[in-house]
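Read top to bottom, the protein sequences are chains B and Y.
Position in the first sequence (from 1) plus 3 gives the number in our numbering.
Position in the second sequence (from 1) plus 3 gives the number in our numbering.
We treat Cβ as the ideally placed atom computed from N, Cα and C, and that holds for glycine.
One structure is given below, encoded as C-alpha cells.
There are 2 protein chains.
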Amino acid sequence: MAQPSRANPLRAPSQPKARSGRGPALRAPLGGQNGVRLGLLNDTLGFHLRLAQEASFVAFARRSGTCGLKPGHFATLVVIHENPGLSQTALGAAVGRDKSTLTPRLTELEQRGLIRRDRAATDRRSYALTLTPAGEEALAALTAHAAAHDEALDRLVGAENRAAFLDALRRLIAGLDSDNR
Amino acid sequence: MAQPSRANPLRAPSQPKARSGRGPALRAPLGGQNGVRLGLLNDTLGFHLRLAQEASFVAFARRSGTCGLKPGHFATLVVIHENPGLSQTALGAAVGRDKSTLTPRLTELEQRGLIRRDRAATDRRSYALTLTPAGEEALAALTAHAAAHDEALDRLVGAENRAAFLDALRRLIAGLDSDNR
DNA sequence: CATGGATCGTAGGATATCCAACAATTCGGA
DNA sequence: TCCGAATTGTTGGATATCCTACGATCCATG
C-alpha cells in the first residue's frame, strides 16, 4: 500500500526554509529527530557510538582546522612527542592506523617541518620519528584545542559520569580489539 | 640526544614472534598497550570514542559479513523498513550519511533486489524507497547479527551501565550536532 | 657465516566518505 | 501565471582508510 504521503513526516527534512546562506549546507539533525523513525537503531549502542564519534570528530576538526592541522595529526604528534624515536609501525599501532596510512601523513608533516624522520641506527629499515621545535609548537597549539574540545565533551557527558563513561569505552576497546584479530 | 635504543620499549611492537601465519596480520593492541605512551590521549574522551567506534564497526562487519552485507547496509535497511516511502535525502539525514554517499549503496541494494526505488508521485524529483520481500528477509538476518553484536557490547559496558552510557552518547550526539552546522 | 622467515616503510588498488556542481523539478511570491 | 530560489538525486573530484605486494633489511638457526 502506497503511503498517503500527505503531511507525511517521512518525506524530506524540509527545513524551516530560512537560512542565512553561509558555509556548506545545513545538515539535518542526526539520529532521526526528523520525524523519521529509527526503529531498532534507536536503542543500539553501536549506532549511537558511530554518530557520537563522527560528531566529535567533526567538532574537533573545526577547532583544530584553525591552525591548519586535522584531528589525525593531533594523535600523531602527541604520540611522537611522548615516544621520541619510535617507528612508523609502532606509531600506527598506538594511534590505530595502518602503517601505510601514515606514510603520506608523515611525509606531509615532515615537509611542513613538524617532524623528523631519521633512519634508525640500529635498524636501517625503520625511521626514528621525532618532533622538531616547530612540531612542538604545533602540538602545543593543538593541545589547547584538544583540551577545549574534551571539556565540551565533558560538559555534555556530565562531570559525574565522565569516569564511568571513559571506563566503558576502554572496556569496549579492549574487549572488541581482542576479538578483532 | 639520540635514544639509547637498547631494550627500548618504543621501537616496534616486536610481537612474541610466534604466530601461526593465518589471515592478514595480527594487529598490535590499540590504545598504547604496547609500551608506547599515549600521553594526553590517555585521558581523552574523543580518542577513546574513536577507538571504540572503530572496534565496534569491525566487530559488526565480521558478523554481518556472513550474509554478504556490511554494517552500513543495516542502518539503511532498518530505516527504510521503518519508514517505507521515504526519500534518499531523508534516509541520509537519518543514518548520518550524505545523500551522494547513498547513491551507489542504494543502487547496489536495488540491483540485489533488496529495495525498490519508485519515483514519488507527488514529487518526481525524489524516490520512494521500500524494502522488497527479499529485503525484509535480509533485514531479519542482519537484525539477528545486530542483536548479538549489541549484546556483546552490553556485556562489555555492563548491564548496569548501559542506560547511562547510551544517554551520554545521545547527549554527545545532540550537543555536538547542534554545533556542527 | 649462510639462509630463510619476519619486519620496515612504500606503492598500488579498492572502498567509503565528503563537498561542489549540475539538470530536473517543485514551490512561493509577484 | 511566471520566474527565481530551493530541493532531489547524480556525477566528479578530493581524502582517508584498508589490504596486498614489494624490495630492503634484520635476525635466528643452523
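Bridge-paired residues (DSSP) for residue i
| i | result |
| --- | --- |
| threonine 135 (chain B) | For threonine 135 (chain B), which the question treats as bridged, DSSP gives no partner whatsoever. |
| alanine 121 (chain Y) | According to the sequence provided, residue 121 (chain Y) is aspartate. The question's alanine does not apply to it. Its beta-bridge partners are Y:Ala131. |
| leucine 89 (chain Y) | Y:Leu132 |
Outcome for residue i when other beta-carbon atoms lying within 10 angstroms are tallied against a minimum of 16
| i | result |
| --- | --- |
| serine 90 (chain B) | buried |
| arginine 128 (chain Y) | exposed |
| serine 103 (chain Y) | exposed |
| arginine 158 (chain B) | exposed |
| arginine 108 (chain Y) | buried |
| alanine 151 (chain Y) | exposed |
| aspartate 180 (chain B) | buried |
| aspartate 126 (chain B) | exposed |
| alanine 31 (chain B) | For alanine 31 (chain B), the pLDDT reaches just 45, beneath the cut-off of 50, and the residue's location in the model is therefore unreliable, although a value from the coordinates is still provided. Per the 10 Å Cβ criterion, buried. |
| aspartate 153 (chain B) | buried |
| glutamine 114 (chain B) | exposed |
| glycine 68 (chain B) | exposed |
| threonine 110 (chain B) | exposed |
| alanine 166 (chain B) | exposed |
| glycine 116 (chain Y) | exposed |
| proline 188 (chain Y) | The requested residue 188 (chain Y) is not part of the displayed model; chain Y covers only 4 to 184. |
| threonine 47 (chain B) | buried |
| arginine 53 (chain B) | buried |
| alanine 143 (chain Y) | exposed |
| threonine 106 (chain Y) | exposed |
| alanine 96 (chain Y) | buried |
Neighbouring residues, chain Y, relative to residue i (Cβ below 7 Å)
| i | result |
| --- | --- |
| glycine 178 (chain B) | Leu159 |
| arginine 265 (chain B) | Residue coverage of chain B in this structure runs from 4 to 184, which leaves residue 265 (chain B) outside it and unanswerable. |
Chain-ordered neighbours of residue i on chain B, where CB pairs are closer than 8 Å
| i | result |
| --- | --- |
| alanine 171 (chain Y) | Leu159, Val160, Gly161, Asn164, Phe168 |
| alanine 78 (chain Y) | Leu44, Phe50 |
Residue i: contacting residues in chain B (beta-carbon distance under 7 Å)
| i | result |
| --- | --- |
| arginine 174 (chain Y) | Leu159, Val160 |
| leucine 156 (chain Y) | Leu48, Gly49, Leu175 |
Partner residues on chain Y for residue i, Cβ-Cβ distance less than 8 Å
| i | result |
| --- | --- |
| threonine 47 (chain B) | Ala149, Asp153 |
| leucine 72 (chain B) | Going along chain Y, no residue has its Cβ under 8 Å from leucine 72 (chain B), so there is no contact; the nearest lies around 15 Å. |
Minimum length 3: unbroken beta strand (DSSP E) runs contained in the segment 91-116 of chain B: none
Closer than 7 Å, Cβ to any Cβ of chain B: which residues of the segment 80-95 of chain Y, in chain order? Val81, Val82, His84, Glu85, Asn86, Pro87, Gly88, Leu89, Ser90, Thr92, Ala93
Could you list the residues in the segment 121-148 of chain Y with a C-beta less than 8 Å from some C-beta on chain B, going in chain order? Taking a C-beta cut-off of 8 Å against chain B, the contacting residues of the segment 121-148 of chain Y are Ala123, Ala124, Thr125, Asp126, Ser129, Ala131, Thr146, listed in chain order.
Report the residue ranges of all alpha helix (DSSP H) runs contained in full by the segment 43-90 of chain Y; include only those spanning at least 4 residues, in chain order. 48-67, 74-85
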